[in-house]
Amino acid sequence: MSFLAQDLFHFLEMHSMLATHLNYGDIFKIFIGDECKVFIANAEFLEEIMSSNVHITKSNAYKFIKPLKFGLVTSTGSKWKQRRKLITPTFHFKMLDQFLEVFNASTDILVSKLSSEVGEDWTDIYPYINLLLLDVFCETAMGVKISSQEGKNSEYAQALFRYLDIVIARAFSAWKRFDFLFQFSSEYPLQEKYLETLQTFSRNIIEKRRFEKSQQVVEKTPDIGIKRNAALLDLLLESDLTNDDIEEEMNTFMFGGFDSTTSLVTFALLALADNPKIQQNVYKEVLEVVGEEKYVSMQHLQDTKYLEMVIKETQRKYTSVPIVERHLEEDATICGVDFPKGTTLTLYLYGVHHNEKYFPEPEKFDPERFLPDGQSEGHNYAFVPFSAGPRNCVGQKFALLDVKLTIIKILQKFTILQVPGYKLI
Ligand code: HEM
Numbered sequence: 002m003s004f005l006a007q008d009l010f011h012f013l014e015m016h017s018m019l020a021t022h023l024n025y026g027d028i029f030k031i032f033i034g035d036e037c038k039v040f041i042a043n044a045e046f047l048e049e050i051m052s053s054n055v056h057i058t059k060s061n062a063y064k065f066i067k068p069l070k071f072g073l074v075t076s077t078g079s080k081w082k083q084r085r086k087l088i089t090p091t092f093h094f095k096m097l098d099q100f101l102e103v104f105n106a107s108t109d110i111l112v113s114k115l116s117s118e119v120g121e122d123w124t125d126i127y128p129y130i131n132l133l134l135l136d137v138f139c140e141t142a143m144g145v146k147i148s149s150q151e152g153k154n155s156e157y158a159q160a161l162f163r164y165l166d167i168v169i170a171r172a173f174s175a176w177k178r179f180d181f182l183f184q185f186s187s188e189y190p191l192q193e194k195y196l197e198t199l200q201t202f203s204r205n206i207i208e209k210r211r212f213e214k215s216q217q218v219v220e221k222t223p224d225i226g227i228k229r230n231a232a233l234l235d236l237l238l239e240s241d242l243t244n245d246d247i248e249e250e251m252n253t254f255m256f257g258g259f260d261s262t263t264s265l266v267t268f269a270l271l272a273l274a275d276n277p278k279i280q281q282n283v284y285k286e287v288l289e290v291v292g293e294e295k296y297v298s299m300q301h302l303q304d305t306k307y308l309e310m311v312i313k314e315t316q317r318k319y320t321s322v323p324i325v326e327r328h329l330e331e332d333a334t335i336c337g338v339d340f341p342k343g344t345t346l347t348l349y350l351y352g353v354h355h356n357e358k359y360f361p362e363p364e365k366f367d368p369e370r371f372l373p374d375g376q377s378e379g380h381n382y383a384f385v386p387f388s389a390g391p392r393n394c395v396g397q398k399f400a401l402l403d404v405k406l407t408i409i410k411i412l413q414k415f416t417i418l419q420v421p422g423y424k425l426i
């Protein structure tokens, strides 16, 4: 089976182009419209910024997702602290173990859908992974089985995908980034329409679940026969948050994690197609550790160490969250350099992952860089796909387990081939 992912090729092209700026040094300035951003691809600087408890305020760039409010990712100060404390237990080991049921069941559907593509010249894998993860996220976060892989709830799915497209288009447009001008763009009414669909969907779920809890209704998920567990939603309903606050955090889950996890799975599959020998090694490990077993367990996921190295190398080379930003609320001296209050610091994760100082031959896809015996030692902040420090990714374990499981299940059934004429950058 041969996989492509048209959307992601454009994304990579753009970052590969941006990374050419590293020729001028690992700290450089870029203007987008009237805004100046200081790009930082230097591990020492990243360490000082990411580990700081002061520089935790996000930049203006996140305003493009603001219509959905977006709690934990964009908030700062005491609101952020309180929400972070509240949400962290969602990713407790025991919770993650329960999520494996959902991961397994949803990925089985993916594999059966992909079977119909065997023998085709090529398959765009991205839409398949998008729907898989939409099903996974809705069921783990909100406790609803939306079955988007089976063609249900397609209005919600389309609203989410198209909304994300508009967010990205705005972030890189010289004029659509201004709220006033954006109102005159063709995307504005569409954004409003998608927003309405997304909000109605999550509001209905919150209200229904609050009602069920007040009536102490215990629901069963019929298809997989386990007690339905809306991990995030239940946790939030037990706190003193209002329905609006809860909606904000559910959106955080969807927007903070869904797209980045989809990209990581897709990049990893494409990288395996591009590197048949590495794919063969992963397949051997899957055979040894999991064999033909249908249920992929936590133990299997912990024992697939080579696959872990491949995923890390995918995150280094294709970095699905390429930049994160901070706004300096006060003058700061970082690694001896003075930055005035108001500066936008663009922490260029893709850039540091492609900095030759830390990763020689950065364009080479080489999982051995991440050998567990420490041969690949480098600076701690040279590999930061989930950021680091107090504002690191709360969902990283969730993401890594799901990505691993998806790849294992796909390789149990299929060999992935390169599409002639296409090469990932
Ligand atoms: C491969 C998948 C993922 C990648 C590469 C990724 C990456 C990141 C990065 C780089 C940040 C820092 C953002 C910033 O400073 O602006 C972040 C934060 C965050 N991520 Fe993820 N993420 C992934 C998956 C997930 C998942 C699955 C979830 C939830 C289920 C999630 C939820 C969050 C949240 C809530 C934050 C904000 C944390 C805070 O500010 O306290 N992420 N993620």
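Letter by letter, the sequence shown follows residues 2 to 426 of this note's numbering. Idealized CB from N, CA, C, for every residue including glycine.
Quick check on the burial criterion: 16 or more other C-beta atoms within 10 angstroms. Buried or exposed for Asp224? Residue confidence is low: Asp224 scores 41 on pLDDT, short of 50, so the model does not pin down where it sits. Its coordinate-derived value is still stated next. Asp224 comes out exposed.
Can you look up His480 in the DSSP assignment and give me helix, strand or coil? No answer is possible for residue 480: it lies beyond the span of the chain, which begins at 2 and ends at 426.
So, using beta-carbon positions, are Pro361 and Met310 closer together than 8 Å? For Pro361 and Met310, no; Cβs fall outside 8 Å.
Classify Thr315 as buried or exposed, calling it buried when 16 or more other Cβ atoms lie within 10 Å of its own Cβ. Thr315 is buried by the Cβ-count criterion.
Under 7 Å from any heavy atom of the ligand HEM, does the C-beta of Cys394 make it? Cys394: yes, Cβ under 7 Å from the ligand HEM.
Count Cβ pairs between the segment 339–357 and the segment 69–85 that sit closer than 8 Å; are there 3 or more? Flag = no, the segment 339–357 and the segment 69–85 do not touch.
beta-carbon Lys313 near the ligand HEM non-hydrogen atom, thresh 7 Å: The closest heavy atom of the ligand HEM lies 7 Å or more from the beta carbon of Lys313.
Take the Cβ of Lys342 as the centre, count every other Cβ of all protein chains shown within 10 Å, and call the residue buried at 16 or more, exposed below. Exposed: under 16 other Cβ atoms inside 10 Å.
Going along the chain, which residues of its own chain have a beta-carbon closer than 7 Å to the beta-carbon of Asp260, five neighbours each way excluded? Around Asp260: Leu165.
Just to confirm before moving on: does the CB-CB distance between Ala42 and Leu23 stay below 8 Å? Judged by beta-carbon spacing, Leu23 lies within the 8 Å limit of Ala42, meaning their Cβ atoms are closer than that value.
Run through DSSP, which three-state label would Glu140 get? DSSP places Glu140 in helix when its eight states are reduced to three.
In the segment 25–73, which residue ranges form an unbroken alpha helix (DSSP H) of at least 4 residues, counting only runs that do not cross its ends? Those alpha helix (DSSP H) runs which fall completely within the segment 25–73 and span 4+ residues are 44–51.
Return the chain-ordered list of same chain residues with a C-beta closer than 7 Å to the C-beta of Cys394, the five sequence neighbours on each side being excluded. So the list reads Phe387, Ser388, once near-sequence residues are dropped.
List the residues that DSSP assigns as beta-bridge partners of Ile312. BP columns for Ile312 are empty, so no partner.
For a test of your reading of the model: does the CB of Ser52 fall under 7 Å from any non-hydrogen atom of the ligand HEM? Yes or no. Outside the cutoff, so no.
Length of the line joining the Cα atoms of Leu406 and Asn105: Rounded to whole angstroms, Leu406 to Asn105 spans 8 Å at the Cα level.
Fully enclosed by the segment 262–312, which alpha helix (DSSP H) runs are 4 residues long or longer? Qualifying alpha helix (DSSP H) stretches, in chain order: 277–290, 299–304.
Please state the DSSP three-state secondary structure of Gly422. Residue state, collapsed to three classes: coil.
Would a C-beta distance cut-off of 8 Å place Leu326 and Thr305 closer than the cut-off? Position check: residue 326 holds Glu in this sequence, whereas Leu was assumed. If you check the CB distance, Glu326 and Thr305 do not come in under 8 Å.
Which of helix, strand or coil DSSP assigns to Asp125: In the structure shown, Asp125 falls within a strand segment according to DSSP collapsed to helix, strand and coil.
What does the alpha-carbon distance come out to for the pair Ser236 and Asn276? The amino acid occupying residue 236 in the given sequence is Leu; Ser does not appear at that position. Rounded to the nearest whole angstrom, the C-alpha separation of Leu236 and Asn276 is 42 Å.
Determine, using beta-carbon pairs with one atom in the segment 319–333 and one in the segment 52–64, whether at least three such pairs fall under 8 Å. Yes, since at least three Cβ pairs between the segment 319–333 and the segment 52–64 fall closer than 8 Å, the two stretches touch.
Closer than 8 Å by C-beta to His16: which residues in its own chain qualify, once you throw out the five before and the five after it? Chain order, please. The beta carbon of His16 lies closer than 8 Å to those of Thr320, Pro323, Tyr351 in the same chain, with the five residues before and after it left out.
Does the distance between the C-beta of Arg85 and the nearest non-hydrogen atom of the ligand HEM fall short of 7 Å? Checking the Cβ of Arg85 against the ligand HEM gives yes.
Tell me whether Tyr63 counts as near the ligand MN, meaning its Cβ is closer than 7 Å to at least one heavy atom of that ligand. Ligands present in the displayed structure are limited to the ligand HEM, and the ligand MN is not among them.
Alpha-carbon to alpha-carbon, Thr89 and Lys410: C-alpha separation (whole angstroms): 28 Å.
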